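J.: So the sequence shown is numbered by this note's numbering: it starts at 9 and just counts up by one.
C-beta atoms are modelled at their ideal positions from N, C-alpha and C, and glycine is treated no differently.
These figures come from a predicted structure and were not determined experimentally.
One structure, pasted below without further comment.
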Amino acid sequence: MVSVTIKDVAKKAGVSISTVSRVINKSKPVSLEARQKVLKAIEELGYKPNEVARSLVTRKSRLIGVIVTDIGHSYIAEMVRGIEEIGRMYRYDIILSSSYGHKETEKKFVQLLMGKQVQGIVLISEDNNDEVVEEIMDMDIPFVYLNKYYSSAKIPSVYISSERSSYNMTKYLTELGHRNIMYVTYNKDEKYSVEKLKVDGFNKALAEVNGNAYIFQGEGFQIEDGYKIGERVYKMAKENSITAIFCCHDEVAIGLMSYFYDNNVKVPEDISVCGFGDSKIASIYRPRLTTVREPYYDIGAVAIRRIIKAVDEKEIEKENIYLPSQIIKRESCGKIR
C-alpha cells in the first residue's frame, strides 16, 4: 500500500504544499475555506502526518524521557503508570529506560534522550545522584527528580513530608499506648537522606508524651536486611521493654517480621511492627503491615504535569511539591494490653 503524502493532500485540496503544512502544524494563519479543504482532503485520503518530520518543523516532539532505576520495583512501576497515563491525557508519549542503578548508564541515557529531542526528563532514582542530576539540569529542559530515599530543596521534585508522615505514624503508636518505641533507620547521616527528617518526626511525637525513643542503625532497605538485624533488634527490645518497632521502609519491616515468625515472636501480641511506603507486599504478608502510604501513582502524575506545564504553558514551578500521605492501619500493630 502506497502511503499518502502531503503532496497528495495539496493536490486533492487544490492548495499549495505550504498551505497544507500550515494547517497541520498550526504554524501560520490560513483562510477558513482553505483550512476546510485541507481537512476534508486529509480525511478522505486517510493522511497521517509524519511525526518525526513534524517535530522538526514545530520543534515539539511531544516526548518525555523517563529514566528509572528498575521498572521491576513495584513502587517505580506505579510512578511510571502515573507518568504515562497523565502524559497520554495531554498527548505526550514517554521513552522509558532502566539504568539498574549505574550512573554511567544514566548519563548515556540522558544523551540518548536529548538526541530524541525529548521536551522534558523525569529521573526516578534510589541513589544520591549529584553527577547525573547536574548533567540533566545543564541541558536546560524541564526536569523532575523523584527519589524516595534522598531529597534536596535545590532540585525540582515531588515528595511527601517525611517528617510529618513519621510524626503521624509515631503518634498513632502512642495512641495505642506504646511509650517505648524503636525506630529502625539506615544512612540517616548521609547527604540529602530523608531519614534524618523521619527520625526528627519520630522523636517529636514521642517527646509530646514523654516516651522513650530508641534508634537502631540498620544495614539496608531490603527484606534480607530486615531479617539480618532481627536478633539484635529483638535483644535491644527485650532489654529496654520496647513494645513497638517502626521501620524506615516496608521491606525492612517484612524482613524483621519474618525473623520474628521463625523465632516464635508473635506480631502484634509480643511486639508491634510498622513500616513506611505501603509497597505491594505490605498488604499480602501476614499479619498485614501497618504503614505510611506514599502515593506513588500521584507522585508520577504530578511530576509529568509539572513538566507539561513548563513545556506548554511556560510555567516553571520552582518550589518542590509535597503531597499528603496516609496512615494505613492493619493487623501488625496492637494496643498495649
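Specify the secondary structure class of Arg301 as computed by DSSP and reduced to three states.
T.: Counting from one through the sequence shown, the residue named residue 301 turns up at place 293. DSSP places Arg301 in strand when its eight states are reduced to three.
J.: If you check the beta carbons only, do Asn176 and Ser333 fall under 9 Å apart?
T.: Residue mapping note: residue 176 aligns to position 168 of the sequence shown, counting from 1. Residue mapping note: residue 333 aligns to position 325 of the sequence shown, counting from 1. Going by C-beta atoms, Asn176 is nearer than 9 Å to Ser333.
J.: Quick one: is Leu64 buried, meaning 16 or more other Cβ sit within 10 Å of its Cβ, or exposed?
T.: As a first step, residue 64 is located in the sequence shown; it is residue number 56 there, counting from the start. Since pLDDT at Leu64 reaches only 46, below the 50 mark, its modelled position is unreliable, and the value read off the structure follows with that caveat. Under this definition Leu64 is an exposed residue.
J.: For Gly109, count neighbouring Cβ atoms within 10 angstroms of its own Cβ and tell me buried if that reaches 16, exposed if not.
T.: The residue you call residue 109 lines up with position 101 of the sequence shown. The residue in question, Gly109, is exposed, as its Cβ has fewer than 16 Cβ neighbours within 10 Å.
J.: By how many angstroms is the C-alpha of Asp233 removed from the C-alpha of Glu259?
T.: Position 251 of the sequence shown, counted from the first residue, corresponds to residue 259. Position 225 of the sequence shown, counted from the first residue, corresponds to residue 233. Their backbone Cα atoms lie some 8 Å apart in a straight line.
J.: Sort Glu142, Met147, Arg172, Tyr191 by Cα distance to Glu160 and report the nearest one.
T.: Taking the first residue of the sequence shown as position 1, residue 160 is located at position 152. The displayed chain sequence assigns Ser, not Glu, to residue 160. Checking every option, the nearest Cα to that of Ser160 belongs to Glu142.
J.: Where do the ends of the alpha helix (DSSP H) carrying Asn176 lie?
T.: The residue you call residue 176 lines up with position 168 of the sequence shown. Segment 170-183, the alpha helix (DSSP H) holding Asn176.
J.: Find the nearest neighbour of Phe1 within the set Gly238, Ser24, Ser82, judged by alpha-carbon distance.
T.: Lying outside 9 to 345, the shown extent of the chain, residue 1 is not represented and no answer is given.
J.: In this structure, does DSSP put Ala85 in helix, strand or coil?
T.: The residue you call residue 85 lines up with position 77 of the sequence shown. Residue state, collapsed to three classes: helix.
J.: Looking at the structure shown, is Thr27 part of a helix, part of a strand, or coil, going by DSSP?
T.: By one-based count along the sequence shown, residue 27 stands at place 19. Helix at Thr27.
J.: To the nearest whole angstrom, what separates the beta carbons of Met87 and Ile132, a pair I think is in contact under 8 Å?
T.: Position 79 of the sequence shown, counting from 1, holds the residue named residue 87. Position 124 of the sequence shown, counting from 1, holds the residue named residue 132. Rounded, the Cβ-Cβ distance is 6 Å, consistent with contact.
J.: Quick check: the Cα distance between Asp286 and Ser29, rounded to an integer number of angstroms?
T.: Sequence index remark: in the sequence shown, residue 286 carries index 278 (1-based). Sequence index remark: in the sequence shown, residue 29 carries index 21 (1-based). For Asp286 and Ser29, the distance between alpha carbons rounds to 50 Å.
J.: Which first and last residues belong to the beta strand (DSSP E) in which Ala252 is found?
T.: Here residue 252 is taken as the residue at index 244 of the sequence shown, counted from 1. It spans 252-255 - the beta strand (DSSP E) in which Ala252 sits, taken as one unbroken run.
J.: Leaving out five residues before and five after His257 in sequence, what residues of the same chain have Cβ atoms less than 7 Å from its Cβ?
T.: On the sequence shown, residue 257 is found 249 positions in, with the first residue counted as 1. Answer for His257: Phe229, Gly283, Phe284, Gly285, listed in chain order.
J.: In chain order, what residues of the same chain have a beta carbon less than 8 Å from the beta carbon of Thr193, not counting five sequence neighbours either side?
T.: Here the question's residue 193 lines up with position 185 in the sequence shown. Here the set comprises Glu203, Lys206, Val207, Ile223, Phe224, Gln225, Gly226, Cys256.
J.: Check whether the segment 290-298 touches the segment 74-84, taking contact to mean three or more Cβ pairs, one atom from each stretch, closer than 8 Å.
T.: These segments do not touch.
J.: Just checking, does the segment 183-191 make contact with the segment 213-223 on the three C-beta pairs under 8 Å criterion?
T.: Yes: at least three Cβ pairs fall under 8 Å.
J.: Which runs of the alpha helix (DSSP H) spanning at least 4 residues fall entirely within the segment 190-255, listed in chain order?
T.: Qualifying alpha helix (DSSP H) stretches, in chain order: 203-215, 231-236, 238-247.
J.: Which stretch, first to last residue, makes up the alpha helix (DSSP H) that contains Gln44?
T.: Along the sequence shown, one-based indexing puts residue 44 at 36. Counting along the chain, the alpha helix (DSSP H) containing Gln44 begins and ends at 40-53.
J.: On the three-state DSSP scale, how would you describe Asn188?
T.: What you label residue 188 is simply residue 180 of the sequence shown in a count that begins at 1. It is a strand residue.
J.: Would you please verify whether the beta carbon of Lys45 is less than 9 Å from any beta carbon of chain D?
T.: The chain labelled as chain D is not found in the depicted structure, where only one protein chain is given.
J.: Would you list the one or two residues that DSSP bridges to Tyr153?
T.: To locate residue 153, count along the sequence shown from 1; it is residue 145. BP columns for Tyr153 point to Leu131.
J.: Do you know how far the Cα of Val241 is from the Cα of Glu247?
T.: Position 239 of the sequence shown, counted from the first residue, corresponds to residue 247. Position 233 of the sequence shown, counted from the first residue, corresponds to residue 241. Answer to the nearest angstrom: the Cα atoms are 10 Å apart.
J.: What separation, rounded to the nearest whole angstrom, lies between the Cα atoms of Ala311 and Gln125?
T.: Position 303 of the sequence shown, counting from 1, holds the residue named residue 311. Position 117 of the sequence shown, counting from 1, holds the residue named residue 125. If you take the alpha carbons of Ala311 and Gln125, they lie about 19 Å apart.
J.: State the Cα-Cα distance for the pair Glu327 and Pro164, rounded to the nearest angstrom.
T.: As a first step, residue 327 is located in the sequence shown; it is residue number 319 there, counting from the start. As a first step, residue 164 is located in the sequence shown; it is residue number 156 there, counting from the start. Cα to Cα, the separation comes out at about 7 Å.
J.: Output the boundary residues of the beta strand (DSSP E) element that contains Tyr108.
T.: Position 100 of the sequence shown, counted from the start, is the residue given in the question as residue 108. It is not in any beta strand (DSSP E) - Tyr108 carries neither H nor E in the DSSP assignment.
J.: Are the CB atoms of Ile253 and Leu264 within a distance shorter than 9 Å?
T.: Stepping through the sequence shown from its first residue, residue 264 is reached at position 256. Stepping through the sequence shown from its first residue, residue 253 is reached at position 245. In contact: Leu264 and Ile253 (Cβ atoms closer than 9 Å).
J.: According to the Cβ coordinates, are Pro150 and Ile168 closer than 9 Å?
T.: As a first step, residue 150 must be located in the sequence shown, where it is residue number 142. As a first step, residue 168 must be located in the sequence shown, where it is residue number 160. No, the Cβ-Cβ distance between Pro150 and Ile168 is not below 9 Å.
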